[in-house]
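J.: Can you read through this structure? Questions will come right after.
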Amino acid sequence: MVALARPLTAAALSADLDFEALYTQHVRYVAGVVHRLMGNDSEVDDLVQETFLDAIGGLAALSDPADIRAWLVTVAVRRTRAFLARRRRRRMFAFRAFDVVARASDPRDRQAVDDLYDALGRLPEDLRIPWILHRIVAMNLPEAAAACEISLATVKRRLADAEQRLERRLAPPPRRTP
Amino acid sequence: MSARLEEAIAQAQERSFAWGGARAAGVLAGVTRRNEARRRRARSVQRALVGASIASLFVVALFRSGPSASSGTPRFDPPPSPALEPLASPASAVARGEPLDDGGYARD
């Protein structure tokens, strides 16, 4: 595989698309976003695979090849949201336990992050995804709004809502007085 | 934002994510394989559609042309029906001065 030093141009995309080069250039970033959205490693490979499979079909319709990374993130977010919604529905009917996959290799890192992702797992996808993109992936607000395909005002409202719920869930339980 | 949430965010940002060459290559191989399978499926659907449309055109053409000379079944052409003469009414017969046919009643 050949790593590209410069971004793909429109001509390269339209004439002879080197999909392998496109993949090499962007897969690490896309996989990182999916990993942070999911909170663990268990489904990342499948979601990345589906993202790039969708990308093959949609590249011809891409109007601005300069924004290809943002577009790939949008496709990945769409895929991840559908997966999370499906998993939530399955859990509702099957009463399955939450994931038991180790989320971090270093046990010292686990507690705070696991608590955070447990709390995020109880949020609806529409609140969870923009919050993670903004706070953990460190996208700015317009980027997060574009990736979620919602307006800036909506993303701000959802961030505030998600933050409020997370604070409530992560707050230590009140001490009982005897 | 609470200190606990800020600490969790910082840890989540710093958490390592292993994405090696073998893993990337495996995902790419999966994408390529599934894309090929999708292409094959699309091609077979396309072939089936083309086959079905050709077959339907052939059937339509067959029905529209009727039996051919080589099929051995002669076309049935019914003979023209003879033209019926209009019935002569009694009033027109009287006007022409013809005797009325009373069916032999007058003789009795």
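These protein sequences, in sequence, are chains A and B. Numbered per the working numbering, the first sequence spans residues 139 to 316. Numbered per the working numbering, the second sequence spans residues 402 to 509. The beta carbon of each residue, even a glycine, is placed where N, CA and C say it ideally should be. As the structure is a computational prediction, the values presented were derived from the model and not from experiment.
Can you find a CB in chain A that lies within less than 7 angstroms of the CB of E437 of chain B?
T.: For the purposes of this step, residue 437 of chain B is taken as residue 36 along the second sequence, with counting starting at 1. For E437 of chain B, the answer is no, since every Cβ of chain A falls outside 7 angstroms of its Cβ.
J.: Who are the Cβ neighbours of R174 of chain A in its own chain at under 7 angstroms, not counting the five residues just before and after it?
T.: Working through the first sequence from its first residue, we reach residue 174 of chain A at position 36. Closer than 7 angstroms at Cβ, skipping near neighbours: I270, I274 and V275.
J.: Anything in chain B within Cβ reach of G259 of chain A, meaning under 9 angstroms, just list it in chain order.
T.: One-based indexing of the first sequence puts residue 259 of chain A at position 121. Ordered by position in chain B, no residue passes the 9 angstroms Cβ test against G259 of chain A, which lies about 13 angstroms from the chain.
J.: Given that E158 of chain A touches chain D, what residues does it touch there, using C-beta distances under 8 angstroms?
T.: Note that chain D does not occur in the displayed structure, where the protein chains are A and B.
J.: Among residues of its own chain, excluding the 5 on either side of L297 of chain A, which ones have a beta-carbon nearer than 7 angstroms to its beta-carbon?
T.: Position 159 of the first sequence holds residue 297 of chain A. The answer, listed in chain order, is P268, W269 and H272.
J.: CB-CB under 7 angstroms to L210 of chain A, same chain, minus the five flanking residues each way: which ones, in chain order?
T.: In the first sequence, counting from the first residue as 1, residue 210 of chain A sits at position 72. The residues are H164, V168, T189 and A193.
J.: One question on the structure: do R217 of chain A and L185 of chain A come within less than 7 angstroms of each other, judged by their Cβ atoms?
T.: Walking along the first sequence from the start, residue 217 of chain A turns up at place 79. Walking along the first sequence from the start, residue 185 of chain A turns up at place 47. Yes.
J.: Under 7 angstroms between beta-carbons, which chain B residues line up against L254 of chain A? List them in chain order, please.
T.: The residue you call residue 254 of chain A lines up with position 116 of the first sequence. A409 and A413, listed in chain order.
J.: Over the uninterrupted alpha helix (DSSP H) stretch that includes D299 of chain A, give me the two end residues.
T.: Indexing the first sequence from 1 puts residue 299 of chain A at position 161. Unbroken alpha helix (DSSP H) run through D299 of chain A: L290 to L308.
J.: Shortest alpha-carbon distance to L429 of chain B belongs to which of A:L222, A:L308, A:V172 and A:E158?
T.: Taking the second sequence and counting its residues from 1, the one referred to as residue 429 of chain B is at position 28. Checked all of A:L222, A:L308, A:V172 and A:E158; the closest Cα to L429 of chain B is A:E158.
J.: I need the straight-line Cα distance from E415 of chain B to P280 of chain A, nearest angstrom please.
T.: For this step, residue 415 of chain B is matched to residue 14 along the second sequence. For this step, residue 280 of chain A is matched to residue 142 along the first sequence. So the two alpha carbons sit approximately 23 angstroms from each other.
J.: I want to know whether the region 298-307 of chain A touches the region 435-446 of chain B - three or more CB-CB distances under 8 angstroms.
T.: Because the criterion of three Cβ pairs below 8 angstroms is not met, the region 298-307 of chain A and the region 435-446 of chain B do not touch.
J.: When the Cα atoms are used, what is the spatial distance from M277 of chain A to V451 of chain B?
T.: In the first sequence, the residue the question calls residue 277 of chain A occupies position 139. In the second sequence, the residue the question calls residue 451 of chain B occupies position 50. Rounded to whole angstroms, M277 of chain A to V451 of chain B spans 48 angstroms at the Cα level.
J.: If we call anything under 7 angstroms between Cβ atoms a contact, is L290 of chain A one with A300 of chain A?
T.: Looking up residue 290 of chain A in the first sequence gives position 152. Looking up residue 300 of chain A in the first sequence gives position 162. Cβ atoms of L290 of chain A and A300 of chain A: not closer than 7 angstroms.
J.: Buried or exposed: D202 of chain A, going by 16 or more other Cβ atoms within 10 Å of its Cβ?
T.: Indexing the first sequence from 1 puts residue 202 of chain A at position 64. D202 of chain A comes out exposed.
J.: Helix or strand or just coil, what does DSSP make of G431 of chain B?
T.: Counted from its first residue, the second sequence places residue 431 of chain B at position 30. Helix, per DSSP.
J.: Let me check you understand the geometry: is the CB of T189 of chain A closer than 6 angstroms to at least one non-hydrogen atom of the ligand FAD?
T.: This structure simply doesn't include the ligand FAD, nor any ligand for that matter.
J.: Return yes when the Cβ of V461 of chain B is within less than 7 angstroms of the Cβ of Q187 of chain A, no when it is not.
T.: Counting from one through the first sequence, the residue named residue 187 of chain A turns up at place 49. Counting from one through the second sequence, the residue named residue 461 of chain B turns up at place 60. Not a contact, by the Cβ cut-off of 7 angstroms.
J.: Label A293 of chain A either buried or exposed according to how many other C-beta atoms from any shown protein chain fall within 10 Å of its C-beta, with 16 as the threshold for buried.
T.: In the first sequence, the residue the question calls residue 293 of chain A occupies position 155. Looking at the sequence itself, residue 293 of chain A is Val, so the reference to Ala does not match. With 16 or more other Cβ atoms within 10 Å, it is buried.
J.: When the Cα of M402 of chain B is compared with those of A:R226, A:Q302 and A:P312, which residue comes out closest?
T.: Start at 1 with the first residue of the second sequence, and residue 402 of chain B comes out as number 1. Of the listed residues, the one whose Cα sits closest to M402 of chain B is A:Q302.
J.: What in chain B is Cβ-close to Q187 of chain A, meaning under 8 angstroms?
T.: Along the first sequence, read from residue 1 onward, the residue named residue 187 of chain A stands at position 49. Result: V428, G431, V432 and R435.
J.: Name the residue from A:G259, A:D205 and A:R166 whose alpha carbon lies nearest to the alpha carbon of A423 of chain B.
T.: Stepping through the second sequence from its first residue, residue 423 of chain B is reached at position 22. Of A:G259, A:D205 and A:R166, the residue nearest in Cα terms is A:R166.
J.: For a quick check, are the C-beta atoms of E181 of chain A and A223 of chain A less than 7 angstroms apart?
T.: The residue you call residue 181 of chain A lines up with position 43 of the first sequence. The residue you call residue 223 of chain A lines up with position 85 of the first sequence. It is not a contact, given that the beta carbons lie outside the stated cut-off.
J.: Interface residues of chain B around A276 of chain A at Cβ under 8 angstroms?
T.: Position 138 of the first sequence holds residue 276 of chain A. Within chain B, the residues near A276 of chain A are Q414.
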